[in-house]
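One structure is given below, encoded as structure tokens.
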Amino acid sequence: MEIVIRAAVIFFFLRMVTRVVGRSTLGELSSFELIVFITMGDLVQQGVTQQDYSVTGAMLAVGTFALLTVILSWVNARFPRARRLTHGTPVVVVHDGEPALDIMRAERLALDDLLGAARQQGIERVADIRLAVLETNGQLSFFTSDGSSDGAPPQPQAG
Numbered sequence: 045m046e047i048v049i050r051a052a053v054i055f056f057f058l059r060m061v062t063r064v065v066g067r068s069t070l071g072e073l074s075s076f077e078l079i080v081f082i083t084m085g086d087l088v089q090q091g092v093t094q095q096d097y098s099v100t101g102a103m104l105a106v107g108t109f110a111l112l113t114v115i116l117s118w119v120n121a122r123f124p125r126a127r128r129l130t131h132g133t134p135v136v137v138v139h140d141g142e143p144a145l146d147i148m149r150a151e152r153l154a155l156d157d158l159l160g161a162a163r164q165q166g167i168e169r170v171a172d173i174r175l176a177v178l179e180t181n182g183q184l185s186f187f188t189s190d191g192s193s194d195g196a197p198p199q200p201q202a203g
């Protein structure tokens with residue numbers, strides 16, 4: 045039972061850490077960030093199982109993480125407020141060609157990263173961006189002044 049409690053505590057701690065780290069970090073990991081996350085995974089394993097290297101201990105820890113993931117997904121689907129709390133909401137970082145530098149700073153999104161993502165979508169100038177949205181998964185969606193929307197899902201048809 046101790047492993048289940050430890051796994052639950054670590055699960056919610058990791059959920060909180062990923063929210064604090066910020067979505068811009070989660071969009072694309074650098075080599076260093078990947079190493080940090082792998083190291084965190086090893087430290088989490090040690091914290092959850094506390095030197096219990098048995099198959100049963102591992103199955104309990106993984107099962108607890110899986111069950112909590114399913115429960116959290118169900119809660120997020122059922123209650124939109126919970127989803128906003130656990131995932132956040134998309135944030136507009138460019139509006140009519142003007143970067144929202146204060147919002148970008150709060151989201152820890154560098155202007156160079158925004159410009160690089162725009163170039164990858166074939167957008168040469170910030171002035172061409174009607175709207176850029178930092179999605180909850182860390183990806184950037186661009187809507188250009190010519191009406192195209194690179195990286196964004198198509199809008200559903202009404203009716």
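Plus 44 on top of the position in the sequence shown (first one is 1) and you've got this note's numbering. Glycine is no exception: its CB is placed at the ideal position from the N, C-alpha and C atoms.
Between the CA atoms of leucine 153 and alanine 105 - distance to the nearest angstrom: 34 Å
Limits of the unbroken alpha helix (DSSP H) element including serine 185: Note, serine 185: premise wrong, no alpha helix (DSSP H); beta strand (DSSP E) at 184 to 188.
Inter-residue CB distance, isoleucine 47 and glycine 101 (contact presumed, cutoff 8 Å): In this structure, isoleucine 47 and glycine 101 form a Cβ contact; the two beta carbons are roughly 5 Å apart against a cut-off of 8 Å.
Backbone CA spacing between serine 185 and arginine 169 [nearest angstrom]: Distance between the alpha carbons of serine 185 and arginine 169: 15 Å.
Contact check, glutamate 151 vs valine 135, beta carbons under 8 Å: yes
Which of helix, strand or coil DSSP assigns to isoleucine 79: helix
Three-state class that DSSP yields for arginine 174 in the structure shown: strand
Beta-carbon gap between leucine 129 and proline 143 smaller than 8 Å: no
Nonlocal neighbours in the same chain, by C-beta distance under 8 Å from asparagine 120, ignoring five residues either side: Ala126, Arg127, Thr130 and His131
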